[in-house]
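Report on one structure; see the data block that follows.
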Amino acid sequence: MFATFSGMVGGIGLLFFGMWLLSETTKTVAGPRIRILVSRLTGNRFAGFGCGVLAGAVTQSTVAVTSITVSMLRGDLISARQGFLLTMGAQLGVAFLILVVAFDIRALALYVLGAAGVVIFRTRKVSYRETGTLLFGVASVVFGLILIKESAAPLADQSWFQEALEFSTRSLLLALLIGAVLTFIVQAGLPVMAFGIVMAAAGLVEFEQILMFVYGAYIGLGFSIMTIALQVKGTARQIAMFSAVQTLFPAVILVPLLYVELYFDIPLVKAGIHSSGLGLASGIALVVILYGTPSRIVALAAPDWTVKLFSRFWQASEGEQMSRPMYIHDRTLDDAGTSLDLAYLEQKRVLGMLSGYLEIARTRKDSGGIRQSTKELNARIGEFLAELELRHPNRSVERRNSVLSRQKLVTWLEEQFSDLCESLQELPEDSPLGDLRISLIEGLDGAFLVFLEAMEDSDEDTWSFAEQLMGDRRSLMRGIRTRYHEAGVEEGGGQGVVKATNSVENIFFLLAQLTREFRSGPVL
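At position 213 of the sequence shown (counting the first as 1) the number is 343 in our numbering, and the numbers step up by one without a gap.
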């Protein structure tokens with residue numbers, strides 16, 4: 131008995147380790163070039179669906195693929211239509227690995243484990259090591275499933291297990307509930323479904339039980355994806371909700387159909403599997419693969435209609451519109467000069483958005499929306515410039531270096547505005563510290579407006595005035611800190627003064643650097 135459970139526990143450990151390894155390696159591999167390639171491939175509906183199948187097969191997690199798709203959508207690398215296709219294919223890709231439970235591929239899994247381990251240990255090339263790690267992860271998942279399958283077989287001879295099995299057959303809803311709860315806990319359908327199919331392959335459960343267990347796993351998976359949907363808004367929520375609905379809806383239909391088949395003797399799913407001549411495990415694996423096929427056919431046939439349907443319920447948010455690039459796009463990367471011009475315009479747009487931090491500090495509202503939008507947009511600009519450097523390493527080198535330098539400054543400036551907004555909101559309103567808060571906001575706002583005006587006009591006189599205005603503020607900020615410290619400001623307020631004045635000092639330093647960059651460097 132101890133050996134039986136040790137094999138099952140070891141198999142479960144290998145299964146989860148393999149899934150974790152696949153997820154982490156995919157995050158590393160999925161750099162800007164891969165994501166841009168995916169965005170291009172998904173322009174065709176069938177290619178997009180195929181990319182989703184591949185992503186699901188590699189990550190072995192519908193939840194992970196949905197999260198990656200949402201992040202790509204928010205980075206404007208894919209459209210809503212492309213996101214729908216990716217998530218739709220992912221579910222099918224995850225299901226394919228279920229087949230390994232029904233077939234004996236132990237020897238192949240061991241060979242892959244050995245070869246991948248050698249590649250990881252011996253090779254120095256990063257791309258080879260990443261490929262080896264992916265293969266090692268897949269083989270770990272497969273061998274974990276095989277180990278669970280082989281270790282579970284002796285349970286059929288245990289009297290206590292037979293009694294528990296007899297009790298569970300009294301209620302199919304119990305199998306449904308167990309499958310749903312387990313899947314929601316582990317946030318992945320593969321291990322739960324695979325465990326159920328392993329039980330079926332070992333002859334430990336009846337067909338109706340395992341079928342209901344699989345349906346429950348899909349219900350739990352659908353609710354897991356819904357947790358992602360609740361964390362995002364706008365178009366990103368459209369994608370997550372589509373994935374959740376596509377996962378849940380077939381179960382809503384198939385669960386009643388199973389009861390109809392059992393109690394009214396109408397041949398449906400169960401009869402179809404038995405008539406196919408497949409074994410119990412292979413038949414259930416086929417159900418998993420075909421699950422959701424009608425919805426896939428509809429969405430593939432009418433992707434635009436599907437997008438329009440979900441957009442009625444979850445429209446694009448204001449923050450989402452802000453975070454999407456307005457000028458840069460991967461289609462412009464073929465021309466280095468045009469790409470740099472567009473990156474410059476996008477940087478100007480980000481700088482204009484930073485005024486929103488000061489307005490939020492005035493009104494004491496939450497800065498989470500603008501912080502997320504500006505960070506995502508800055509990240510997208512950084513990826514765009516990195517890809518441009520890879521494509522055209524020897525073209526427009528000086529201009530590119532200038533734009534890259536500005537981008538670093540813009541990113542740091544956004545961080546300081548965010549810190550300033552947070553620290554200013556810590557200062558009490560009805561006190562001398564409240565007056566300091568207003569003074570810092572209005573003084574910085576006036577100087578920043580001059581900087582933005584100089585960017586817009588781009589004439590020498592305006593830049594000269596802006597450069598004079600962006601002087602060193604260290605002495606002034608040090609004086610403010612000393613004055614409030616000597617006045618005996620309470621500890622919390624004192625910390626707020628220190629953080630706010632430090633941020634203002636850093637902002638003026640960065641604005642002075644940006645002023646010199648924009649004034650002397652080549653622009654449009």
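Just so you know, even glycine gets a beta-carbon here, dropped at the ideal spot from N, CA and C.
Expected contact under 8 angstroms - CB spacing of residue i and residue j to nearest Å
i	j	result
Tyr-457	Leu-475	4 angstroms
Leu-472	Leu-539	Contact doesn't hold; Cβ gap of about 18 angstroms is too wide.
Met-342	Leu-388	7 angstroms
Glu-552	Thr-504	At roughly 14 angstroms, the Cβ-Cβ gap does not stay under 8 angstroms, so Glu-552 and Thr-504 are not in contact.
Ser-469	Glu-647	The pair is not a contact, with the Cβ atoms about 18 angstroms apart (cut-off 8 angstroms).
Leu-216	Thr-199	5 angstroms
Asn-508	Val-480	6 angstroms
Ile-358	Ala-347	That pair is no contact at about 17 angstroms.
Gln-376	Gly-422	6 angstroms
Leu-240	Phe-273	7 angstroms
Local Cβ density within 10 Å of residue i, reported as buried at 16 or more and exposed below that
i	result
Trp-444	buried
Leu-176	In the sequence as presented, Leu is not what sits at residue 176; that position holds Phe. Exposed: under 16 other Cβ atoms inside 10 Å.
Ser-594	exposed
Ile-142	buried
Glu-621	Because Glu-621 sits at a pLDDT of 49, beneath the cut-off of 50, its placement in the model cannot be relied upon, and the following sentence gives the value as read from the coordinates. It counts as exposed.
Leu-360	exposed
Arg-613	exposed
Asp-655	Outside the displayed range of the chain (131 to 654) lies residue 655, so it cannot be described from this structure.
Ser-548	buried
Asp-460	buried
Arg-608	exposed
Leu-264	buried
Asn-174	exposed
Ser-373	buried
Pro-424	exposed
Asn-531	exposed
Ile-355	buried
Arg-501	buried
Arg-442	exposed
Val-302	Correcting the residue identity first, residue 302 is Leu in this sequence and not Val. The residue is buried, with at least 16 neighbouring Cβ atoms inside 10 Å.
Phe-394	exposed
Val-627	buried
Under the three-state DSSP convention, the category residue i falls into
i	result
Arg-454	coil
Tyr-474	helix
Asn-632	helix
Phe-325	helix
Val-362	coil
Thr-493	helix
Leu-557	coil
Asn-524	coil
Trp-435	helix
Arg-461	helix
Tyr-487	helix
Ser-301	coil
Leu-253	The sequence shown places Thr at residue 253, not Leu. DSSP places Thr-253 in coil when its eight states are reduced to three.
Phe-514	helix
Phe-648	helix
Tyr-258	helix
Asp-602	coil
Glu-621	Residue placement at Glu-621 is poorly supported in this model, since its pLDDT is 49, which falls under 50; the coordinates are not used for a value here.
Asn-508	helix
Gly-422	coil
Trp-444	coil
Asp-395	coil
Gly-180	helix
Met-576	The sequence given here places Gly at residue 576; Met does not occur at that position. DSSP places Gly-576 in helix when its eight states are reduced to three.
Gly-677	Past the edges of the chain, shown from 131 to 654, lies residue 677, and the structure says nothing about it.
Gly-319	coil
Terminal residues of the alpha helix (DSSP H) in which residue i lies
i	result
Ala-401	399–405
Met-356	337–359
Leu-539	527–554
Ser-124	It is not possible to answer for residue 124, since the shown part of the chain is limited to 131 through 654.
Arg-211	210–226
Test: residue i CB closer than 7 angstroms to a CB of chain B
i	result
Gln-625	Within the model displayed, chain B is absent; a lone protein chain is all it includes.
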